[in-house]
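*Asks:* Have a look at this one before I ask anything.
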Amino acid sequence: MVTLKDLQPGDHARVLRCRGTGAIFQRLCEMGFVAGAPVRLVRFAPLGDPLEVELTDYHLSLRKSEAGMIEVERDIRSGP
Amino acid sequence: MTSARVHSQGTPAEPVVPRRIRVVVVGNPNAGKSTIFNRLTGLSQKVANYPGVTVEKKTGHRKIRELDMEFIDLPGTYSLAAHSPDEMVAVDLLLGHAEGEPPPDLVLQVVDASNLERNLYLLSQVLDLGVPVVVALNMIDIAQARGISIDAEKISSALGASVVPVEGHRGLGFSQLEAVLHDVAARTRVSGFGGPASGPRSLKLHDELHEKVEVLTREVSPLFERAEGRKLHSFEVLRAVIDRGGHAEGRIVKALGQPWLEHFEAVRRAVAGPMELPALEAKVRYGWVRERLVGCVTRTAVRRTTPSERIDRLLTHKVLGFVVFGGVMLLVFQSIFAWAKPLMEGLDGLFQALGAVVEASMSEGALRSLLVDGVIAGVGMIVVFLPQILILFLFIGLLEDCGYMARAAFLMDRIMQKCGLSGKSFIPMLSGFACAVPGIIATRVIEDRRDRLATILVTPLMSCSARLPVYAIFIGTFIPDRSIFVGMGLQGLTLFALYVLGIVTAVMVAWLLRRTLLKGAKAPFVMELPSYKVPALRGVMYRLYERAVAFLLRAGTTILAMAVVVWALAYFPHRGEIAVRHTLERDRVAREVPEGEARLAALAAVSQSEAGDFLRESFFGQAGRAVEPFFRPLGWDWKISMAVLASFPAREVVISTLGIIYNLGQDVDERSNALRDSLKSAVRETDDPVAPGVPVYDVPVALSILVFFALCCQCGATVATIKRESNSWRWAIFAFSYMTALAYVASLILYQVGSRL
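In order, the protein sequences belong to chains A and B.
With our numbering applied, the first sequence corresponds to residues 714 to 793, in that order.
With our numbering applied, the second sequence corresponds to residues 80 to 836, in that order.
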C-alpha cells in the first residue's frame, strides 16, 4: 500500500482514499484529498518534514504523519 | 424540517426604519476576502471581539443606492465543520445564533478563481444554510494566466447563486458586484426572508443520513430549547453527527448530557458503513462541485511551471532556503531592534517634554504629580512601543501578503514540532526578542487555539529589548570584565546565557503546556502554500492602521489604569513632614552656600533626597519592607525588593527606581556611572537581618536579580495584551503567575547555590 509520504519528489499520483479519524482526517478530506484527485509530491522540507504537494489546483504542505493517512496510486507517467 | 424558520423575524427592539441589510462575508483563507471587504467598506470598519473566543469581529458598512448594508467579515475558513469555539463563530453567525447578532440577510462568498474546486466546497456547505448567496469570483486574472477560463454566467446558473467576476487588488468589477448585492438584497427584503432555513437547496449527502438527522432534530431541538433557550437548526445536528468530537456535538452533549454522545455514535454506525462520514461528505460535495463545473471551466491542456514554483525552488532549497530565511529574520529583528529606536526615543522625549511643560505650568501637589508621573509617564510608557509594533507588522503584513510567511512556517515546522508547537509559532516567538507585545499580537496567524495560546504564554519569556538595560547595568557593574576565551568575555557570556535561559525555558514551558493545560490532539499542519504575489500595500496599510488604533485604545486604557494605581502607591501617603524638613534644608542651603554652581548642586541633592524619602515612606516603600523577608532567600535587601515591586508594570523602571532610592534623582539610565558607583558601594543597613554593613551586591545577588528579570513577567503591557488576545483574564493572570513563580524559584536556587560556592 502506497501512501503520499512514500512518493518521491516529482511523482504524480491519484488519491485512492484517506484513512483515519478525528479532526486531522476531516481536514484532509475537506482540503480535497478525495478518491480520484490528482496529486503530485513537490518536495520535502529541508529538514525532511513537512512535505509540499500539489493537489488539483493548489499547493499545500502537510506533515509526514498526515501524508501517511492518504493512500495513493502512482501515475504511470512518473517513475516507480 | 420543511417550513421551520428558526428565527422569528422581529425582535422587540427592531426599529421602524428599515434596518441595515446584514451581509456576512465568508471565504477560504488566501481567497482575497479582506481585500474585497476593505474595498467595499473603506474606513467605516470597526473591530471588536466576540465574547469568549479569540476571533475578531470586523464590521463595516456601505450604502448601495437606497440600501444601507452592513458587512461582517469572518475569518477565512475551509469548511463549516467546526472543531473549536473559534471556528464555531462562523456557523453561529451564519445561522443567527451568535449572541446579539441578528441572522444574516445575505452571504457574500469570496472565491479564488484559480482554485475553484476547493473554494466551492465551502460554498456547497454555505448553500445548505438556505441564506441567499452572492459569489465574488476573485483573482480571475491569475486563473487566466494559468490557462483557466471561466464562464461566469453558466456557473451562476449551475450553482444557483449569482456569480460576479472581480479583481480585488485592482478594484475591477466592483460596480457590478454592488449592483448584484443590491438586487439580491432588495429581492430578499420583498420576499421577507427572515433567517436561515433548511430549504430544498440542501445538498443530499446520503438519504439515510438526512432522514436520521431530521428525526434527531425533531427529538433534540425541543430539549435543547428547554436547556439553552433556543432551537437547534438541522444543520447543527447534521454537523454534530458528521464531525465526531467537533464543536456542534460538544455543545449539544454539554447541554443535554453524555447519552447524546452515544446517540450520535449510533447514527454514525447506522449510516456510514465502511466509509467515515467526513470522507462521505467530502466525496459527495467535491462530486457535486465537479459536476457543476463541467462546461463552465475550460483549461489549456499544457501544464506550465508557474513563476511561483520557480521562486520556491530557491526559497525552500535545502541550503539557500535557510540562508534567505536567516537573512529575512535578521532584517526583521534588526528593524524592530534598531530602526525603531530613534522613533521610540523621539516619542519618549516628546512625552518627557510634555511632562515638563505640565510640570512647569502647575503648582506642586498631588494633582500635578498624578498628571506628570502617573498619566503622562504611564501613557508614554505604552506609546513608545508603537514604532516597534508598526515596524514588525509592516514586515509581517508584507511577508504574509506575498506568501512567504507560509514558507517560513514550512521551513521551521520540524524544529518547532519538537516543543509541541508548529512552524507558525516561530515568527511570533522571534518577535518576542524585541518586544512581547507585537509578538503576542502576531500569534493571530496560528489558527489552532491551543497552539496559539501556548505561543502567547511563552513569548514573554524571550528576552525583550526592555530587559537589555537591566541586563546591561547589572552585568556591567558586577560581572568581572574578564576574557575567558578568544574574544569571548565573561560579561558577553553572561548576557548570552540570559538569552539562552529565556529560550530554553520557553521551549520547556511550551512542551509542558501542550501536555497538561493545553493538552489535545496535535493540530493539523495542513497549510496552503499560496502563490507568490506582489503584496497589496493598501491592505497592509489598513491592517497597520487597525493594529495601531486597537493597541493604543485598548491596551492603553488598561495600562493607564495600572499606571495610575502604581503612581498612587509610589506617591501616597506623601507625608507633609518630609516636605517641611526639606524646605528647611533648602533654606539652609540658600543661606549657607554661595550662589552659583555649588548652590544648584546642593539644592539638587536636597530634591533628590526628598524624592528618596517620599518613595521610601510611600506605600511602595512600606511594601518593600513588608515583602523583604519573602525576597531575603534570594539575597535581596528591602531596597531591591521595593525596586523590583515597582518595576512590575514595566521592568525597565527598576533603573529609575534604584536611582531614586539611592538619591540620584530620576534621570539615571543604564549608562549612568553614578548609579553603578552607588550600587557598588551600597552596604546593608545596620538592621539588616542577613549581614549588616556588608556590601548589598555581590555576584550571586547580581545573578539572582538578573535571572529574576529574565524570567519574570514584569510588563503591564504584556499582561494587558495577553488578556486582549486570549480574550480572558484567566490566561493573563496565569502567564503572570507562572512566570513570576518561575523567576522566584530560579533566583532562589541560583542564590542559594551561588552564595555557598
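Even glycine gets a Cβ: it sits at the ideal position worked out from N, Cα and C.
#1: Pair every Cβ in the segment 608 to 616 of chain B with every Cβ in the segment 661 to 671 of chain B, then say whether three or more of these pairs are closer than 8 angstroms.
#2: Would you check if the distance between the CB atom of residue 189 (chain B) and the CB atom of residue 168 (chain B) is smaller than 8 angstroms?
#3: Anything in the segment 734 to 758 of chain A with a Cβ closer than 7 angstroms to a Cβ of chain B? List those residues in chain order, please.
#4: Could you pull out every unbroken alpha helix (DSSP H) segment of at least 4 residues lying fully inside the segment 327 to 384 of chain B, listed in chain order?
#5: Below 7 angstroms between beta carbons is the criterion; list the residues of the segment 766 to 779 of chain A that meet it against any residue of chain C, in chain order.
#6: Since residue 227 (chain B) and residue 101 (chain B) are thought to touch, with beta carbons under 8 angstroms apart, how far apart are those beta carbons, to the nearest angstrom?
#7: Rounded to a whole number of angstroms, what is the C-alpha to C-alpha distance between residue 469 (chain B) and residue 200 (chain B)?
#8: With residue 726 (chain A) as the anchor, note down where its beta strand (DSSP E) starts and where it stops.
#9: Identify, in the order they occur along the chain, each residue of the same chain with its Cβ nearer than 7 angstroms to the Cβ of residue 464 (chain B), setting aside the five sequence neighbours on each side.
#10: Use the C-beta contact count for residue 752 (chain B): other C-beta atoms within 10 angstroms, 16 or more gives buried, fewer gives exposed.
#11: With the cut-off set at 8 angstroms, would you say residue 211 (chain B) and residue 267 (chain B) are in Cβ contact?
#12: Rank B:385, B:798 and B:649 by C-alpha distance to the C-alpha of residue 736 (chain B) and give the top, closest one.
#13: In chain order, what residues of the same chain lie with their CB nearer than 7 angstroms to the CB of residue 534 (chain B), ignoring the 5 residues before and after it?
#14: Tell me which residues share the same chain as residue 553 (chain B) and place their Cβ nearer than 7 angstroms to its Cβ, disregarding the 5 neighbours each side in the sequence.
#15: Against chain B, which members of the segment 715 to 729 of chain A pass a CB distance test of less than 8 angstroms?
#16: Check the C-beta distance from residue 775 (chain B) over to residue 716 (chain B) and give it rounded, since I have them as a contact under 8 angstroms.
#17: Within 8 angstroms, do at least three Cβ pairs link the segment 732 to 742 of chain A to the segment 348 to 366 of chain B?
#18: Helix, strand or coil for residue 395 (chain B), going by three-state DSSP, please let me know.
#19: Return the chain-ordered ranges of every beta strand (DSSP E) run that is complete within the segment 210 to 289 of chain B and spans a minimum of 3 residues.
#20: In whole angstroms, give me the CA-to-CA distance for residue 110 (chain B) and residue 239 (chain B).
#21: Which residues in chain B have a C-beta closer than 8 angstroms to the C-beta of residue 762 (chain A)? List them in chain order.
#22: Reducing DSSP to helix, strand and coil, say where residue 797 (chain B) ends up.
#23: Taking residue 766 (chain A) and residue 717 (chain A) to be in contact with their CB atoms under 8 angstroms, please state how far apart those CB atoms are, rounded to whole angstroms.
#24: In chain A, what lies closer than 7 angstroms to residue 608 (chain B) by C-beta?
#25: Quick one: give me the first and last residue of the alpha helix (DSSP H) that residue 757 (chain A) is part of.
#26: Which ranges would you report for the alpha helix (DSSP H) in the segment 143 to 191 of chain B if only whole runs of at least 4 residues count?
#27: Pull up the distance between the alpha-carbon of residue 725 (chain B) and that of residue 825 (chain B), whole angstroms please.
#28: Residues of chain A with a CB under 7 angstroms from the CB of residue 716 (chain B): which are they?
#29: Specify the secondary structure class of residue 592 (chain B) as computed by DSSP and reduced to three states.
#30: According to the Cβ coordinates, are residue 331 (chain B) and residue 314 (chain B) closer than 8 angstroms?
#31: By a C-beta neighbour count over all protein chains shown, 10 Å radius and 16 as the cutoff for buried, is residue 563 (chain B) buried or exposed?
#32: When you compare only the Cα positions, how much space is there between residue 457 (chain B) and residue 644 (chain B)?
#33: So which of B:622, B:263 and B:318 has the shortest CA-CA distance to residue 284 (chain B)?
#34: Which whole runs of the alpha helix (DSSP H) in the segment 663 to 736 of chain B are 4 residues long or more, in chain order?
#35: Hey, could you find the ends of the beta strand (DSSP E) residue 479 (chain B) is sitting in?
#36: Could you run through the segment 156 to 189 of chain B and flag, in chain order, every residue whose CB is less than 7 angstroms away from some CB of chain A?
*Replies:* So, to answer that:
#1: no
#2: no
#3: 734, 735, 736, 737, 738, 739, 740, 741, 742, 743, 744, 745, 747, 748, 756 and 758
#4: 338 to 351 and 356 to 372
#5: Of the protein chains in this structure, namely A and B, none is chain C.
#6: The pair is not a contact, with the Cβ atoms about 33 angstroms apart (cut-off 8 angstroms).
#7: Near 36 angstroms, if we compare the C-alpha coordinates of residue 200 (chain B) and residue 469 (chain B).
#8: 725 to 731
#9: 514, 516 and 796
#10: exposed
#11: yes
#12: B:649
#13: In its chain, beyond the 5 residues on either side, 500, 504, 507, 508, 522 and 525 have a beta carbon closer than 7 angstroms to the beta carbon of residue 534 (chain B).
#14: 781, 784 and 785
#15: If the cut-off is 8 angstroms between Cβ atoms, the segment 715 to 729 of chain A has nothing near chain B.
#16: 5 angstroms
#17: yes
#18: coil
#19: 212 to 217, 227 to 229 and 241 to 244
#20: 21 angstroms
#21: Those within 8 angstroms of residue 762 (chain A) in chain B are 492, 493 and 496.
#22: helix
#23: Between residue 717 (chain A) and residue 766 (chain A) the Cβ distance is about 7 angstroms, and since that is below 8 angstroms, they are a contact.
#24: 765, 772, 773 and 774
#25: Taken as a continuous stretch (DSSP letters only), residue 757 (chain A) belongs to no alpha helix (DSSP H), being part of the beta strand (DSSP E) at 751 to 757.
#26: Listed in chain order, they are 164 to 174.
#27: Going by the C-alpha atoms only, they are around 20 angstroms apart.
#28: Those within 7 angstroms of residue 716 (chain B) in chain A number zero; the least Cβ separation is about 49 angstroms.
#29: Three-state result, residue 592 (chain B): helix.
#30: no
#31: exposed
#32: 10 angstroms
#33: B:318
#34: 676 to 696, 698 to 710 and 717 to 725
#35: Here residue 479 (chain B) belongs to no beta strand (DSSP E); instead the alpha helix (DSSP H) covers 465 to 481.
#36: Hits within the stretch, in order: 157, 158, 160 and 162.
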